[in-house]
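Novice: Structure provided below as structure tokens; questions to follow.
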């Protein structure tokens, strides 16, 4: 196991977008908004959600997917009290399934020591790219481009009809809040998606 | 290990189309306990009131065949849970393949041991 090298898939932002669109066509064909990411994970991909109290405090992360891609362990407080963060964690981890399952299909661990050796020796840069790809996938899966465009236009029209300019910072803030509510994500996710789509 | 009741429970929840988070939030259940019940690491509760609350939350109607089957399966599953830890080879599958802290750091050897403990605890079988 330990002598295996992770073959990093090279994916541009647009290629990840295409993969996210394929994912949505396969698992959210009705294009429901907010994207029912929890139901997709549990019922369509057959992934178990495992809440663990204090996970974030204990090991410094909101969640992780198991090496056999069968479960997502998640901080129980995040699951119960931070819906948008929970949804993004699920989408991010599904990103690893959708983008990286092939990369790791021949990887398996027979012991804790083998697993620890892999975690210790895995190349930092490769690791960082895999995480970035899953992060990008999470935003694209939860905030599909077409829906983002149409909802932005809708909210901009509402602002305009109230006699305000939709291009002011204050109006943008309100629009982003409304979009975050539409897609059940944080405003930070909306801001990043809007910036990319512009 | 057989996990007939847990798998059946999850199947009913899936049939109702309710995610784990929503199911627990709407009914005041502990998500960790329900997850363990479904994965077979917790046995069905002894309390009839608790079982009834679960059955109602799963949209079963009192007196129907499905309602009776739910209680029969719970009774049949009790006492079938091993008390020992799962084997290392099974537990290791639950460890994360890709893992990074919120600060983007790799974990120390000590922290990796903590991850193993988290996974062991989350998959610990109790009677």
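Protein chains in written order, with my numbering: chain B, 13 to 210; chain P, 19 to 145. All residues carry an ideal CB built from backbone N, CA and C; glycine is no exception.
#1: Leaving out the 5 sequence neighbours to the left and right, which residues in its chain are closer than 8 Å to residue 42 (chain P) when beta-carbon positions are compared?
#2: Express the C-alpha separation of residue 71 (chain B) and residue 197 (chain B) in angstroms, rounding to a whole number.
#3: For residue 28 (chain B), count neighbouring C-beta atoms within 10 Å of its own C-beta (all shown protein chains included) and say buried if the count is 16 or more, exposed if not.
#4: Please return the same chain residues whose Cβ sits closer than 8 Å to the Cβ of residue 154 (chain B), not counting the five positions on each side in sequence.
#5: Buried or exposed for residue 111 (chain P), going by 16 or more other Cβ atoms inside 10 Å?
#6: Would you kindly check if the distance between the Cβ of residue 76 (chain B) and the Cβ of residue 114 (chain P) is under 8 Å?
#7: At the 8 Å Cβ level, is residue 58 (chain P) part of the contact set with chain B, yes or no?
#8: For residue 35 (chain P), go through chain B and note every residue whose CB falls closer than 8 Å to its CB, in chain order.
#9: Let me confirm a value: residue 86 (chain B) is counted as buried when at least 16 other C-beta atoms fall within 10 Å, else exposed. Which label applies?
#10: Does the beta carbon of residue 67 (chain B) sit closer than 8 Å to a beta carbon anywhere in chain P?
#11: Against residue 142 (chain B), what residues of chain P qualify as contacts under a CB-to-CB distance less than 8 Å, listed in chain order?
#12: Is it the case that the segment 136-150 of chain B contacts the segment 105-117 of chain B, given that we only count it when at least three CB pairs across the two stretches are under 8 Å?
#13: With residue 76 (chain B) as the anchor, note down where its alpha helix (DSSP H) starts and where it stops.
#14: Please name the residues in the segment 71-102 of chain P whose beta-carbon is closer than 9 Å to at least one beta-carbon of chain B, in chain order.
#15: What in chain B is Cβ-close to residue 32 (chain P), meaning under 9 Å?
#16: DSSP three-state label for residue 87 (chain B), please.
#17: Please identify, using Cβ separations under 8 Å, the residues of the segment 38-59 of chain P that lie next to chain B, in order along the chain.
#18: Shorter than 8 Å from the beta carbon of residue 29 (chain P) to some beta carbon of chain B?
#19: Is the beta carbon of residue 115 (chain B) closer than 8 Å to that of residue 186 (chain B)?
#20: So, under 8 Å CB-CB, residue 152 (chain B) and residue 53 (chain B) are touching, yes? Tell me the CB distance rounded to an integer number of Å.
#21: Residues of the segment 122-135 of chain P with a CB closer than 9 Å to any CB of chain B: list them in chain order, please.
#22: Are there 16 or more other CB atoms within 10 angstroms of the CB of residue 119 (chain B), so buried, or fewer, so exposed?
#23: Can you tell me whether residue 51 (chain B) sits near the ligand FMN, meaning its C-beta is under 7 Å from at least one heavy atom of the ligand?
#24: Is the beta carbon of residue 38 (chain P) less than 8 Å from the beta carbon of residue 91 (chain P)?
#25: Excluding the 5 residues preceding and the 5 following residue 45 (chain P) in the sequence, name in chain order all residues of the same chain whose CB lies nearer than 6 Å to its CB.
#26: According to DSSP, is residue 47 (chain B) part of a helix, a strand, or is it coil?
Specialist: So, to answer that:
#1: 48, 49 and 52
#2: 24 Å
#3: buried
#4: 46, 47, 49, 99, 100, 103, 195, 196, 197 and 201
#5: buried
#6: The Cβ atoms of residue 114 (chain P) and residue 76 (chain B) lie closer than 8 Å to each other.
#7: no
#8: 51 and 55
#9: Counting Cβ neighbours within 10 Å, residue 86 (chain B) comes out buried, since at least 16 surround it.
#10: yes
#11: 116
#12: Short answer: they touch.
#13: From DSSP, residue 76 (chain B) is part of no alpha helix (DSSP H) but of the beta strand (DSSP E) over 75-77.
#14: none
#15: Correct list: 51, 54 and 55.
#16: strand
#17: The residues in question are 38, 39, 40, 42, 43, 49, 50, 53, 56 and 57.
#18: no
#19: no
#20: Rounded, the Cβ-Cβ distance is 16 Å, inconsistent with contact.
#21: Within the segment 122-135 of chain P, contact with chain B at the beta-carbon level (separation under 9 Å) is assigned to 122, 123, 124, 125, 127, 129, 130, 131, 132, 133, 134 and 135.
#22: exposed
#23: Summarising the ligand content, the structure contains no ligands, and the ligand FMN is consequently not present.
#24: no
#25: 75
#26: Three-state DSSP puts residue 47 (chain B) in coil, outside helix and strand.
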